[in-house]
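Below is one structure; the comments refer to it alone.
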Amino acid sequence: MRRLWIVVALLAFGYTLLPTIPAAAGYGAIAWDRETGKYGASWNQPTPQRAEEAALGECGASDCKVVGKVGPRMCGALATTADGKHAGAARRKDREAARLAAVKNCDKDQAGECIVRATDCNK
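See below:
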């Protein structure tokens with residue numbers, strides 16, 4: 118019985134020495150090009166840098182810029198006018214709030230009706 122307790126104690130101690138494994142974080146980004154109206158978005162990427170790269174890659178235009186960064190457990194949205202020349206991005210704790218804020222930000226230009234083009238949430 119004593120031997121069992123020693124084994125249990127050694128195992129417990131050994132687990133404390135193991136490196137901690139970080140929880141999977143979800144990062145997102147929203148990219149947009151004013152000239153062409155093209156946009157791209159990424160969600161649930163392992164790092165902020167990877168999220169930006171993925172959004173820029175999806176956007177595809179040479180002048181795409183990251184207009185929104187979305188952290189873990191956050192939601193993001195992009196709204197643009199029909200021609201894509203005016204946009205607004207937002208991040209909030211829930212999807213609907215992000216959508217509404219993106220439309221409101223887009224409407225600041227008063228360039229026409231704004232339409233939500235991309236929205237999602239990170240884990």
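Per my numbering, the very first residue in the sequence shown carries number 118; after that it's consecutive.
Using N, Cα and C, we set each Cβ at its ideal position, and we do this for glycine too.
Here the structure is a predicted model, which is why all the values come from computation and not from measurement.
Element boundaries [alpha helix (DSSP H), containing residue i]
i, result
"D224", "R212 to D224"
Element boundaries [beta strand (DSSP E), containing residue i]
i, result
"G177", "Counting along the chain, G177 falls outside any beta strand (DSSP E), and DSSP gives it neither H nor E."
"D237", "C231 to C238"
"Q162", "Y156 to Q162"
Neighbourhood of residue i by C-beta distance below 6 Å, restricted to the same chain and skipping five residues each side
i, result
"D224", "C231"
"G193", "G145, I147, G185, V187, R208 and A215"
"A235", "A158 and L195"
Residue i Cβ short of 8 Å to the ligand COA heavy atom set
i, result
"E175", "Ligands in the displayed structure: none, and consequently the ligand COA is not present."
Rounded Cβ spacing between residue i and residue j (contact assumed at less than 8 Å)
i, j, result
"G205", "A228", "So it is not a contact: roughly 11 Å between Cβ atoms."
"A178", "K155", "4 Å"
"N239", "W160", "6 Å"
Same chain, Cβ closer than 7 Å to residue i, five either side skipped, listed in chain order
i, result
"R151", "K202"
Counting pairs of beta carbons, one from the stretch 194–209 and one from the stretch 161–173, are three or more of them closer than 8 Å?
Output reads no: the stretch 161–173 does not touch the stretch 194–209.
Mind the definition here: the stretch 144–160 touches the stretch 183–191 only if three or more C-beta pairs lie below 8 Å; say whether that holds.
The stretch 144–160 makes contact with the stretch 183–191: 3 or more CB pairs, one atom from each, lie closer than 8 Å.
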